[in-house]
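The block underneath contains the structure these notes are about, expressed in structure tokens.
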Amino acid sequence: MRFVSVLTLAALIGVAAAPAIATAETRTLTVGISISYSGKFAKEGELGRLGYELFREVVNERAGIKIGNDRYLIEYKYYDDKSDQATAANLVEKLITEDKVKYIFGPFSSDITFATSAIGEKYKVITMAALANAEKVYTRGLKYTFGAFPPASEGLSTIVQMAADLQPKPQTVAIVYPDALFPFYGAKGAKERAEKLGMKVVYFEKYPPTVKDLTPVMTQVKQLNPDIFLTSALLEDAIFVTKAYRELRINSKLMGFTTGPAVIDFMSALGDTADYTVGYAWWSPTVRLKDDFFGTAQDYEARFQQRYKQPGNYISAAASAAGLVLMRAMERAGSVDVEKVRPVLAATDMETFYNVIRYDATGMNVGGFAVLIQDQKGKAVTVYPPKAAETKLLYPMPTWDERGRK
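See the structure below:
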């Protein structure tokens with residue numbers, strides 16, 4: 000199924016009647032987006048689209064990107080990748096060869112981005128891989144692919160880092176993850192950090208992404224009774240694992256996720272079962288960061304809530320920030336030509352409302368940091384690091400009996 004943005008140049012701005020830019024030529028820059036409207040990553044794909052759209056709206060409200068004497072309004076060409084790697088790769092090739100785009104805003108999922116970024120490299124088209132951060136995506140000698148999320152291995156490990164200072168200090172850790180690219184790197188990073196901090200990893204297990212029953216895996220977790228239970232997975236799996244955790248009445252002192260507690264749909268799906276769970280995010284409205292386009296993290300949150308009537312989130316924020324980083328590179332390059340923009344983009348080192356974005360030689364963002372979110376009484380609140388915390392972590396988690404859950 001094909002999705003194309005219905006917003007046209009005429010609807011966005013009356014160019015001929017704009018005296019402020021009468022001496023300049025107004026052009027349109029079309030960006031291609033193959034992203035999940037359906038399938039396993041539909042929710043994350045939706046959040047990504049909201050972030051991309053908010054960036055486009057702000058750019059066009061301000062009469063476009065100024066390059067020399069010209070201004071460029073942003074227009075998107077959308078397709079649904081159906082959460083499928085092969086479909087996404089074919090659609091990106093279509094965007095490049097038929098729709099003639101020179102810039103791609105990437106999908107959600109490292110596995111899908113692994114395929115689509117290879118197509119962009121083939122045609123020397125820039126991919127802003129805002130929503131993919133498995134290290135393997137980047138460590139292939141790519142020249143035209145740039146991220147926004149910091150490395151996958153740095154997320155879940157932040158929960159372990161925080162836990163090292165808790166009392167009673169956790170001694171044992173169990174980690175489960177679906178057999179996919181991003182979950183593997185998240186789990187691996189957490190395992191290595193736990194071992195470095197002197198914790199014992201008593202269980203480290205992957206499961207098939209298509210599995211329908213987690214009882215065998217979760218029964219082993221229950222038998223080991225770890226102090227910390229971690230899941231490296233995306234939203235659908237995080238909900239799946241939490242339900243199994245509840246049904247088997249597993250009682251850990253701390254329960255952490257990659258994707259989940261920081262996304263409102265996690266709480267909507269689980270109700271008060273989500274309470275006390277911890278997840279990381281690459282952005283929070285409490286962080287003290289700002290730029291000269293979106294303003295502060297709080298400014299972005301206010302705009303996002305006004306536009307979409309829901310709280311902001313790190314997925315949307317990363318998508319918006321990726322657009323901002325590309326725009327600034329174009330402005331500094333004085334061109335929209337890919338070969339002129341690419342080296343300037345590669346040299347990016349800037350603070351944004353979302354996070355710090357600084358690229359290493361692979362195009363991965365190595366400048367950012369994680370914040371930790373805990374669900375407390377139906378609200379997602381920032382609890383770490385101290386400089387961004389709204390309140391204290393509730394630890395240890397009460398048992399199911401203490402919570403009165405049967």
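Residue numbering for the sequence shown follows numbering that gives the first Met the number 0, beginning at 0 and increasing consecutively.
Note that the Cβ used here is the ideal one computed from N, Cα and C, for glycine as well.
The alpha-carbon of Ala41 is positioned some 16 Å away from that of Ala129. Judged by DSSP secondary structure, Thr86 falls within the alpha helix (DSSP H) whose first and last residues are Gln84 to Thr96.
With contacts defined by Cβ atoms closer than 8 Å, Ser109 and Ala87 do not form a contacting pair. Three or more pairs of CB atoms, one per stretch, sit closer than 8 Å, so the region 154-162 contacts the region 274-282.
For the 8 Å CB-CB criterion, Glu52 and Ile314 do not form a contact. The beta carbon of Val30 sits closer than 6 Å to the beta carbons of Tyr75, Tyr102 and Phe104 from its chain, once the five residues preceding and following it are set aside; these are given in chain order. A check of alpha carbon separations from Asp79 across Thr115, Phe256, Ser35 and Glu60 identifies Ser35 as the nearest. By alpha-carbon distance to Lys378, the top candidate from Glu191, Lys308 and Tyr275 is Tyr275.
Between the alpha carbons of Lys135 and Glu401 lies a gap of roughly 43 Å. Within the same chain, Cβ atoms closer than 7 Å to the Cβ of Asn364 are found at Gly146, Ala147, Phe148, Pro149, Ile356, Arg357 and Tyr358, the five residues on either side in sequence being excluded. Residue burial is scored here from C-beta neighbours: Lys168 has fewer than 16 other C-beta atoms within 10 angstroms and is therefore classed as exposed.
Thr209 and Lys376 have their alpha carbons spaced roughly 32 Å apart. Taking all protein chains in view, the Cβ of Asn59 is crowded by 16 or more other Cβ atoms within 10 Å, so the residue is classified as buried.
In this structure, Gly50 is the residue among Gly322, Gly50 and Ile32 with its C-alpha nearest to the C-alpha of Gln309. Secondary structure of Leu49 (DSSP, three-state): helix.
Under the DSSP assignment, Arg341 falls outside any beta strand (DSSP E), being part of the alpha helix (DSSP H) whose first and last residues are Val337 to Ala345.
Distance between Tyr353 and Thr381, taken at the CA atoms: about 15 Å. Beta-bridge partners of Gln373 (DSSP): Val277 and Val380.
For Ser33, the enclosing beta strand (DSSP E) has its first and last residue at Thr25 to Ile34.
For Met329, the enclosing alpha helix (DSSP H) stretches over residues Tyr313 to Ala332. Look at Glu401 here: in three-state DSSP terms it is coil, with no helix or strand label.
Cβ-Cβ distances below 7 Å link Val343 to Ala328, Arg331 and Ala332 in the same chain, with the five nearest sequence neighbours on each side left out; the list follows chain order.
Inter-residue distance for Arg192 and Phe228 is about 14 Å (C-alpha atoms, whole angstroms).
Cα atoms of Arg70 and Tyr122: separation of roughly 26 Å, rounded to the nearest angstrom. Following the DSSP letters along the chain, one finds Ile227 inside the beta strand (DSSP E) bounded by residues Ile227 to Thr230. Per DSSP, the continuous alpha helix (DSSP H) segment holding Met217 begins and ends at Thr214 to Leu223. The criterion of a C-beta distance shorter than 8 Å is not satisfied by Pro177 and Asp83. Under DSSP, Arg287 shares a beta bridge with no residue.
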